[in-house]
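Novice: Mapping of the sequence shown onto the working numbering: position 170 corresponds to residue 714, and the numbering continues sequentially without gaps. All C-beta atoms in this analysis are idealised placements derived from N, C-alpha and C, irrespective of residue type, glycine included. Note that the structure is a prediction, hence the values are computed from the model and not measured.
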Amino acid sequence: MKKLITLIFSICVPFIIPSCVDDYKDANPPRLKDAPAVASVSVQDLIITDGTSTTITISVVDAPAGIDSVGYSIADENGDELGTIAITNLEAVRGKQEGEIIATYTSEPGVAAVITITFIVYDKQLSEGEVVRKESVPQGVQIEVVCPSDLAGTYSTSTSGSSTDGGANNNPLSRLVSEIVLTGTETPGEYTISDASAGAYDAWYLGVYYAEPTALSGILKDACGSITIKEFESPFDGDGVVSSGGSIDNGVITVNVVNVYGDEWTIIMTPK
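1. Short of 6 Å in beta carbon distance, which residues of its chain neighbour G762, apart from the five on each side in sequence? Order them along the chain.
2. Please report how far the alpha carbon of E642 lies from the alpha carbon of A583, in whole angstroms.
3. Pull up the distance between the alpha-carbon of P830 and that of D746, whole angstroms please.
4. At what residues does the beta strand (DSSP E) containing L670 begin and finish?
5. Note down the Cα distance separating I602 from I792, rounded to an integer number of angstroms.
6. Distance, Cα to Cα, D807 vs G790?
7. Enumerate, from N- to C-terminal direction, the unbroken beta strand (DSSP E) stretches of 3 or more residues contained entirely within the region 622-647.
8. Look at the alpha carbon of T648 and the alpha carbon of I661, and state the distance between them as a whole number of angstroms.
9. Starting from the Cα of S770, find the closest Cα among D709, L634, Y749 and S693 and give me that residue.
10. Nearest CA to the CA of T628: which residue from G639, A636 and Y616?
11. Going by the beta-carbon positions, is the gap between Q669 and A609 smaller than 9 Å?
12. Tell me which residue opens and which closes the alpha helix (DSSP H) that Y749 is part of.
13. In whole angstroms, what separates the C-alpha of R677 from that of D667?
14. Just the C-alpha distance for S718 and G782, rounded to the nearest angstrom, thanks.
15. Beta-carbon within less than 8 Å of Y568's beta-carbon, same chain only, minus the 5 sequence neighbours each way: which residues are those?
16. Apply the 10 Å Cβ neighbour rule to E635 and answer buried if 16 or more other Cβ atoms are within range, or exposed otherwise.
17. Are the CB atoms of L720 and L764 within a distance shorter than 9 Å?
18. Identify the continuous beta strand (DSSP E) that holds Y666 and give its terminal residues.
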């Protein structure tokens with residue numbers, strides 16, 4: 545009797561195991577592989593001229609399911625999309641578990657801005673017959689776009705404006721004549737300005753709050769013909785620029801400035 549039972553069991557086992565395995569696989573589908581891992585995103589040129597291009601390299605160090613595609617976003621300081629991206633070698637790295645994806649960024653002509661470009665690398669997997677894309681952690685770079693600028697030199701100035709200080713002299717100020725010097729810096733489009741008020745502070749406050757003439761050394765920026773005074777050194781604690789704007793017309797620069805106290809002045813700069 546024991547021999548008969550053993551024979552029956554050995555005959556049935558081969559027919560039972562395949563069915564059990566299929567049921568187990570159906571209930572436990574293979575787990576998805578890990579998402580792509582990006583080691584770095586690097587840019588060839590941190591500063592470029594408007595209308596030109598630079599190369600960006602996205603280094604993928606591990607994509608178990610293979611590289612499939614790349615997503616990106618472009619935004620300036622205001623969130624506007626400026627310029628274009630072209631992925632130049634995606635077909636060469638598609639399906640690979642590691643590699644360098646090459647992108648080309650081309651800036652808008654006539655626009656100066658700081659551009660942030662963020663990339664995401666995707667793979668392509670199947671889960672129960674459906675396509676699933678896992679994605680890398682977003683990584684990005686910043687590129688400053690500048691326009692050619694050649695404003696360095698000496699300028700004759702005419703300055704008008706008003707102070708909110710009741711003790712100020714010469715208030716309002718009208719057509720004060722002075723002279724300033726713009727000196728180029730290492731940052732394209734930015735200049736040291738020898739006196740950001742072109743004499744207005746001395747006209748208002750010399751002899752009232754300080755005894756010696758004081759020039760407000762600062763930074764003037766030319767962003768594709770849009771002129772601002774970004775900052776200046778002041779004899780008063782906490783003083784600085786609240787708003788500034790201006791333009792260039794046939795070499796003559798006009799710039800308006802408002803400080804934290806509400807004092808405002810306009811400088812007309814004519815090259816000497």
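Specialist: A quick look at the data gives this:
1. Walking along the sequence shown from the start, residue 762 turns up at place 218. Cβ within range, chain order: I737, A740, I773, E775 and F776.
2. In the sequence shown, the residue the question calls residue 642 occupies position 98. In the sequence shown, the residue the question calls residue 583 occupies position 39. Roughly 10 Å separates the two Cα atoms.
3. The requested residue 830 is not part of the displayed model; the chain covers only 545 to 816.
4. Within the sequence shown, residue 670 is the residue found at index 126, counting from 1. Per DSSP, L670 belongs to the beta strand (DSSP E) from Q669 to S671.
5. As a position in the sequence shown, residue 602 is number 58, starting the count at 1. As a position in the sequence shown, residue 792 is number 248, starting the count at 1. Answer to the nearest angstrom: the Cα atoms are 40 Å apart.
6. Residue 807 sits at position 263 when you count from the first residue of the sequence shown. Residue 790 sits at position 246 when you count from the first residue of the sequence shown. Each residue's alpha carbon lies about 17 Å from the other.
7. Taken in chain order, the whole beta strand (DSSP E) runs of length 3 or more contained in the region 622-647 are 628-631.
8. Translated into positions along the sequence shown, residue 648 becomes position 104. Translated into positions along the sequence shown, residue 661 becomes position 117. Roughly 11 Å separates the two Cα atoms.
9. Counted from its first residue, the sequence shown places residue 770 at position 226. Measuring from the Cα of S770, the nearest candidate turns out to be S693.
10. Numbered from its first residue, the sequence shown carries residue 628 at position 84. When each option's Cα is compared against that of T628, the closest is Y616.
11. Looking up residue 669 in the sequence shown gives position 125. Looking up residue 609 in the sequence shown gives position 65. Here Q669 is near A609, since their CB atoms are less than 9 Å apart.
12. Along the sequence shown, read from residue 1 onward, the residue named residue 749 stands at position 205. Unbroken alpha helix (DSSP H) run through Y749: A744 to Y749.
13. As a working mapping, residue 677 is identified with position 133 in the sequence shown. As a working mapping, residue 667 is identified with position 123 in the sequence shown. If you take the alpha carbons of R677 and D667, they lie about 5 Å apart.
14. Residue mapping note: residue 718 aligns to position 174 of the sequence shown, counting from 1. Residue mapping note: residue 782 aligns to position 238 of the sequence shown, counting from 1. The C-alpha of S718 lies about 26 Å from the C-alpha of G782.
15. Position 24 of the sequence shown, counting from 1, holds the residue named residue 568. The predicted model places Y568 with a pLDDT of 49, which falls under 50 and marks its position as unreliable; any figure quoted below should be read in that light. Taken in chain order, the list of residues that qualify is empty.
16. Locating residue 635 in the sequence shown gives position 91, counting from the first residue. E635 is exposed by the Cβ-count criterion.
17. Looking up residue 764 in the sequence shown gives position 220. Looking up residue 720 in the sequence shown gives position 176. No.
18. Within the sequence shown, residue 666 is the residue found at index 122, counting from 1. First-last of the beta strand (DSSP E) with Y666: A657 to Y666.
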